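Participant: Below are the structure tokens for one structure; questions will follow.
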Amino acid sequence: AAMKELASSDFKSAFLGGQNHIALFVETAPKIDMSKISVYDQGLNETFQDKFKEYFDGTVDKDTALKNFYEAAIVKYPELKKPANA
Numbered sequence: 009a010a011m012k013e014l015a016s017s018d019f020k021s022a023f024l025g026g027q028n029h030i031a032l033f034v035e036t037a038p039k040i041d042m043s044k045i046s047v048y049d050q051g052l053n054e055t056f057q058d059k060f061k062e063y064f065d066g067t068v069d070k071d072t073a074l075k076n077f078y079e080a081a082i083v084k085y086p087e088l089k090k091p092a093n094a
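Per the numbering used here, the very first residue in the sequence shown carries number 9; after that it's consecutive.
Now the structure itself:
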């Protein structure tokens, strides 16, 4: 209810040049298709963010970050397999 109220108000974000981004969220959020989500999504997203933080911080190169992600993903979910081309 609070989001719909903000969406229909004259709220404006100075950072976004006066746009009311809440109105966009209220309009588009119900259209998000969650039917393809799996039990792995949350854990793999967290693992990806963790391993690629090292790349974004400049402590490892991209290939190492990807290798580290695959290794950590397999530890977290041993039933998964690393892609053949990885």
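Beta carbons: idealized from backbone N, C-alpha and C, even for Gly. Note that this is a predicted model, so its numbers are computed, not measured.
(1) Spatial neighbours of Ala31 within its chain, please: CB distance less than 7 Å, with the 5 preceding and 5 following residues excluded, ordered by chain position.
(2) Which residue's Cα is closest to the Cα of Ala73: Tyr63, Ala81 and Phe33?
(3) Which whole-angstrom value is the C-beta distance of Lys20 and Asn28, which I expect to be below 8 Å?
(4) Which runs of the alpha helix (DSSP H) spanning at least 4 residues fall entirely within the stretch 45-83, listed in chain order?
(5) Per DSSP, Ser21 forms a beta bridge with which residues?
Facilitator: Answer, in terms of the structure:
(1) Ala15
(2) Tyr63
(3) 6 Å
(4) 49-64
(5) Gln27
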